[in-house]
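Protein chains in written order, with the working numbering: chain A, 73 to 390; chain B, 2 to 375.
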Amino acid sequence: MSPEYAVEVHDLTRKFGDFVAVDRVSLSVETGQVFGFLGPNGAGKSTTIRMLCGLLLPSSGAGRVAGFDIMTESETIKRHIGYMSQKFSLYDDLSVEENIDFFTGIYNVPRIRRRERKDWVLDMAGLADKRDNLTRSLAGGWKQRLALGCAVLHEPPILFLDEPTSGVDPLSRRQFWDLIAQMAQRGTTVFVTTHYMEEAEYCDELALISRGRMIAKGKPAELKTVIPEDILEIRVEHPFEVLEQLENSGLVKEVALFGDTLHAVVEDAGAATTAVGDFLAGRGLAATGITQVRPSMEDVFVSLVELEDRRSTEGAQT
Amino acid sequence: MKPRTFSWIRLWALVKKEFIHIVRDPRSLAMAFLMPLILLILFGYAITMDIKTLNLVVYDQDKSAASRHYVEGFPASSYFSVVATVENYADVRALLDQGRAHLALVIPPHFARDLEQGRSARVQVLADGSDANTATIALGYAEAITNRFSTTRLDSKVELAVDNRLRVWYNPELKSRWFIIPGLIAVIMTVITALLTSLTVSREWESGTMEQLIATPVQPIELFLGKMAPYFVIGVLDVLFSVAMGVWVFDVPLRGSFLFLLGVTAMFLVGGLSLGIMVSTIAKSQLVASQLAMVVTFLPAFLLSGFLYSIDNMPRFLQAVTHVVQARYFVEVLKNIFLKASPPAFVAGDLIFLGLFAVAVFAVALGKFRKKLA
């Protein structure tokens with residue numbers, strides 16, 4: 073088993089008929105890292121993770137997970153990974169304890185370890201006093217932590233989480249990421265997909281995927297420096313009106329709503345601040361503040377996707 | 002390297018889990034235990050081929066001692082009850098039209114005189130042929146009663162050339178219930194078994210838990226057997242329960258060996274339960290799976306198993322089709338166990354086909370199941 077990389081794939085491709093869901097994705101994940109796989113819904117995140125877990129055979133490409141070949145050793149891979157799918161995949165009509173017992177059996181956890189593993193999961197998920205409750209009756213955050221616990225009963229070296237935090241309240245999401253960080257600290261490699269860009273901050277390493285293709289990878293801090301443009305945050309009273317005006321003004325490359333403010337992508341922050349300020353004042357929509365901000369992961373993503381699109385259309389023309 | 006190591010621990014975990022599902026879900030419990038009961042009672046009482054009493058209308062134009070004597074032979078046979086005695090043809094027609102009488106007996110004037118003078122007397126029997134089956138039977142009875150009357154009029158010195166003594170084996174009173182109930186049990190079990198497994202597998206697809214299971218080291222064969230084992234137990238209980246009802250509620254004798262019954266049931270269940278899993282590999286939603294399971298089991302089992310309609314009387318190509326209807330063999334063997342109690346060797350053909358069906362469907366279903374999970 074390769075000690076350095078828990079996951080290593082080259083040119084991973086999956087086609088469904090004519091549709092290319094995943095297009096030549098290459099990535100490597102170091103052991104003990106939290107690796108974030110980011111992209112909008114339908115970008116190919118789930119398809120990639122399912123190929124890595126041995127649930128789906130790639131159309132082409134090569135790679136190893138936990139040291140085993142993804143093309144030929146999927147059964148062995150399954151014994152060395154934990155996987156939590158997008159839906160909560162516990163049995164609703166089983167109690168907390170019955171679910172744990174079931175997965176303990178399925179993962180063949182040695183008899184002498186069972187008691188300890190069960191207590192660990194109950195403790196980790198905060199469900200010790202709810203062990204006899206039906207899983208159906210649990211709130212989202214608890215269900216999710218129980219699902220995580222059931223996926224790691226056999227202490228897999230690699231954990232795959234497919235959109236683990238979708239549909240869970242913000243506080244539970246926060247707690248969940250704390251759990252992930254703890255596991256990584258103990259040496260578990262965590263491969264996690266999400267479409268919440270702000271969750272990227274919790275990852276050691278990121279890969280951005282859009283329409284089946286990888287458009288960037290690196291550490292969160294690095295990725296924020298890859299875009300050459302600056303980001304302006306514009307505070308106004310009527311954001312919708314201003315959004316429309318600015319889109320047609322030619323002063324900004326890209327403008328989008330960001331909470332109750334606007335984020336604009338511009339070539340040069342200094343020059344644009346004055347230009348946009350004057351432009352809005354001239355139309356009676358004066359801004360209450362225009363400041364340059366550090367790009368958020370969402371800004372980075374939007375700008376990278378746009379760049380990629382421009383490249384591919386240029387590539388198609390020449 | 003392809004480690005396909007079978008694990009009893011995993012199988013046991015799956016079986017236990019499945020039992021919990023069944024016990025916790027009132028719907029599947031009802032389907033497993035209430036449905037056979039209801040179907041058995043419903044069909045057991047509804048389907049009968051016995052003709053209890055035939056309604057007779059009499060138009061006696063002769064009104065003699067001889068004609069009265071002749072007419073009395075009908076109610077005396079216990080097959081007929083005289084619902085009306087009328088004085089004209091219009092009333093005869095009305096009663097037949099209304100369906101109040103199955104048969105009309107018209108005795109012309111001079112009936113007694115003809116008999117006295119040693120001439121052959123004539124009577125007219127009219128039957129309602131809109132139910133051909135009943136009409137045929139009614140006419141047969143009428144003919145027999147008439148023949149008996151004729152014999153008593155003959156000189157007592159004359160012996161009949163052939164005196165046939167009829168005896169019906171296995172079901173001396175020809176109660177249709179005796180052959181309907183064993184067949185019905187087979188038909189109902191065919192439907193229930195396929196329905197149960199098709200639902201439990203499609204439920205895993207619907208809830209997304211199948212996706213989770215596939216990502217674990219669970220082997221398709223373990224999952225397959227884990228789904229089948231609990232329903233196998235339920236199937237055995239269902240059959241025993243239905244047989245008990247047949248014996249104690251419907252008064253059908255159980256003459257054959259109980260052990261043989263259990264063995265045949267086991268063979269039947271392997272095929273039936275596998276069929277349900279096969280259905281669920283085609284239809285992933287519970288709704289579609291249950292409908293498909295009904296279609297592929299109920300109609301063939303009901304119409305082509307020989308349970309109600311004799312296979313020998315079917316057109317050639319339909320007879321050929323019945324060979325792949327599993328219920329056909331189970332119906333035959335169950336009837337045998339209930340009524341004839343002949344040794345298993347006498348139904349060897351049916352047993353072989355039942356076994357072949359079980360092995361073939363099990364293998365195909367497992368193959369399809371594997372592909373679906375891969």
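Glycine included, C-beta positions come from ideal geometry on N, C-alpha and C.
Bear in mind the structure is a predicted one, so any value in this text is a computation, not a measurement.
- Between the segment 219-235 of chain B and the segment 304-323 of chain B there are fewer than three inter-stretch CB-CB distances shorter than 8 Å, so the stretches are not counted as touching.
- Interface criterion met: the Cβ of B:E212 is under 8 Å from a Cβ in chain A.
- In this structure the segment 175-194 of chain B lies against the segment 33-47 of chain B, because at least three pairs of beta carbons, one per stretch, are closer than 8 Å.
- Buried is the label assigned to A:G213, since at least 16 other Cβ atoms lie within 10 Å of its Cβ.
- In this structure, B:D61 is the residue among B:D129, B:D61, B:F261 and B:A133 with its C-alpha nearest to the C-alpha of B:A113.
- Around A:E301, the same chain offers K325, V337, V338, E339 and S375 as residues with beta carbons nearer than 7 Å, after the five sequence neighbours per side are excluded.
- Within 10 angstroms of the beta-carbon of B:M229 lie 16 or more other beta-carbons, which makes it buried.
- Cβ-Cβ distances below 7 Å link B:S203 to S281, A284, K285, S286, Q287 and A290 in the same chain, with the five nearest sequence neighbours on each side left out; the list follows chain order.
- In the three-state DSSP reduction, A:F330 falls in the strand class (E or B).
- Using a CB distance cut-off of 8 Å, B:G368 does not count as an interface residue toward chain A.
- Within chain B, the residues placing a beta-carbon under 7 Å from that of A:S161 are G209, T210, E212 and Q213, ordered along the chain.
- Taking a beta-carbon distance threshold of 8 Å, A:S157 counts as an interface residue toward chain B.
- Per DSSP, the beta bridge partners of B:V126 are B:L106.
- Below the 8 Å Cβ cutoff, chain A contributes N180 as neighbours of B:S8, in chain order.
- The C-alpha of B:A361 lies about 14 Å from the C-alpha of B:L352.
- Between A:L124 and B:I215, the C-beta gap is not smaller than 8 Å, which leaves the two residues out of contact.
- B:V348 counts as buried, since at least 16 other C-beta atoms from the protein chains shown sit within 10 angstroms of its C-beta.
- A:M156 is a Cβ neighbour of A:A223, given a cutoff of 8 Å.
- Under DSSP, the beta-bridge partners assigned to A:T266 are A:L110.
- For A:N205, the three-state secondary structure derived from DSSP is coil.
- Within the DSSP secondary-structure output, A:T261 pairs in a beta bridge with A:I230.
- In terms of Cα proximity to A:E294, the closest of A:L233, A:T345, A:R366 and A:D332 is A:R366.
- In this structure, DSSP gives A:I172 a helical state, which the three-state scheme calls helix.
- When DSSP reads this structure, B:A85 sits in a beta bridge with B:V58.
- In the three-state reduction of the DSSP assignment, A:A211 falls in the coil class, being assigned neither a helical nor a strand state.
- If the five residues before and after A:E235 are omitted, its C-beta is found closer than 8 Å to the C-beta atoms of K117, S118, Q158, T265, T266 and H267, all from its own chain and listed in chain order.
- Here DSSP, grouped into helix, strand and coil, assigns A:K150 to helix.
- A:G135 and A:F107 have their C-alpha atoms some 17 Å from each other.
- One Cα belongs to A:I252, the other to A:D191, and the distance between them is close to 18 Å.
- Looking only at A:I153, A:T103, A:H82 and A:E270, the smallest Cα-Cα distance to A:V97 is reached by A:H82.
- Scanning chain B for C-beta atoms nearer than 8 Å to the C-beta of A:K150 yields A216, T217 and P218, reported in chain order.
- Residues of the same chain with a CB within less than 8 Å of the CB of A:E380, apart from the 5 flanking positions on each side, are S282, R285 and I287 in chain order.
- In this structure, A:R86 lies away from A:V79, with their beta-carbon atoms at least 8 Å apart.
- With respect to the C-alpha of B:F363, the residue from B:G272, B:S151 and B:Q292 having the closest C-alpha is B:G272.
- Using a Cβ-Cβ cut-off of 8 Å, A:G284 does not count as an interface residue toward chain B, since no Cβ of chain B sits closer than that to its own.
- By a beta-carbon distance limit of 8 Å, A:T260 does not contact A:R307. Their separation comes to about 43 Å.
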